[in-house]
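Okay, structure first, notes after.
Residue numbers (full-length UniProt numbering): 1 to 260.
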């Protein structure tokens with residue numbers, strides 16, 4: 001219980017600071033909850049245009065997730081069901097794992113040059129493609145365990161009935177792997193939603209900033225308005241918490257099916 005309280009203490013302080021008037025915070029900097037809660041910080045943050053950054057983050061995160069799943073699911077199916085000569089499947093998985101473990105900054109310069117050549121800098125589409133560097137390996141490795149849990153008898157029965165590869169993927173594997181896909185989508189969505197470094201390098205226009213860039217903008221050399229910073233931090237955290245809470249039964253089903 002004590003460990004849980006210590007873990008929740010920063011979250012409680014953030015929640016209290018978001019609703020605490022500026023003058024009260026100056027008088028009671030360590031207080032967890034204000035005497036007179038106010039929405040002035042949320043109003044100031046919203047009037048500054050944070051809604052645009054939230055929309056950008058939503059667009060990039062959802063697009064990144066859909067692209068990662070659409071590429072990772074067929075790849076995971078192929079790695080599990082098909083035979084590769086010379087153990088190329090193991091080599092491919094090792095390369096995927098190496099890319100996943102590699103710090104994103106190590107590939108930032110070549111990716112920046114490539115995006116500049118393709119005129120994808122400072123665009124949502126460019127960010128979706130760049131984020132695949134670390135979201136796609138994550139999705140492939142997560143989906144492997146879920147695909148392995150589907151008995152090969154289903155594929156053999158579908159082949160006897162004349163189903164092609166696309167039909168097997170869409171009508172058999174996709175419904176059976178739905179909990180695993182949802183679990184993978186949540187992790188990819190959160191990773192894309194919270195990404196900061198690549199967004200900082202590839203986006204220059206304030207109108208195209210994602211939410212992490214907007215949050216960082218509240219820390220300046222002139223000081224930090226903790227009320228505004230905590231309110232925008234709370235606004236950035238709630239969407240992912242809400243999505244994860246809504247689909248928690250799929251998360252549990254996905255992990256219980258993929259780890260048994």
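Think of the CB as a built atom: it goes at the ideal place given N, C-alpha and C, for glycine as much as any other residue. Note that this is a predicted model, so its numbers are computed, not measured.
- Around the C-beta of residue 142, 16 or more other C-beta atoms lie within 10 Å, and the residue is accordingly described as buried.
- Between residue 212 and residue 183, the C-beta gap is not smaller than 9 Å, which leaves the two residues out of contact.
- Put simply, the backbone Cα of residue 99 is about 18 Å away from that of residue 73.
- A direct Cα-Cα distance of roughly 13 Å separates residue 26 from residue 33.
- Residue 69 is positioned such that its CB atom lies no closer than 9 Å to that of residue 216.
- Only residues of its own chain outside the window of five on either side were considered, and among them 197, 198, 201 have a CB closer than 8 Å to the CB of residue 108, listed in chain order.
- Here the C-alpha atom of residue 56 lies approximately 45 Å from the C-alpha atom of residue 157.
- In this structure, the alpha-carbon of residue 76 lies about 44 Å from that of residue 16.
- For residue 150, the three-state secondary structure derived from DSSP is coil.
- Taking a contact to require three or more Cβ pairs closer than 8 Å, the region 115-125 and the region 150-169 do not qualify as touching.
- Under the DSSP assignment, residue 246 falls in the alpha helix (DSSP H) whose first and last residues are 226-246.
- Just so you know, the alpha carbons of residue 175 and residue 80 end up roughly 17 Å apart.
- Closest option to residue 62, judged by alpha-carbon separation, among 83, 193, 233: 193.
- Annotation note: the region 26-111 contains no uninterrupted beta strand (DSSP E) run of length 3 or greater.
- Each of 41, 28, 1, 206 was checked against the Cα of residue 122, and the nearest Cα belongs to 206.
- According to DSSP, residue 219 shares a beta bridge with 224.
- Excluding the 5 residues flanking it on each side, residue 144 has same chain C-beta neighbours closer than 6 Å at 76, in chain order.
- Cβ-Cβ distances below 6 Å link residue 124 to 59, 60 in the same chain, with the five nearest sequence neighbours on each side left out; the list follows chain order.
- Excluding residues up to 5 positions away in sequence, 60, 63, 64, 67 lie with their Cβ nearer than 7 Å to the Cβ of residue 128 in the same chain.
- In this structure, DSSP gives residue 184 a helical state, which the three-state scheme calls helix.
- Separation of the CB atoms of residue 188 and residue 138 is rounded to 6 Å, and the pair is thereby assigned contact status at 8 Å.
- Distances from the CA of residue 20 to each of 97, 170, 47, 230 were compared; the closest alpha carbon is that of 230.
- The straight-line gap separating the alpha-carbon atoms of residue 177 and residue 112 is approximately 35 Å.
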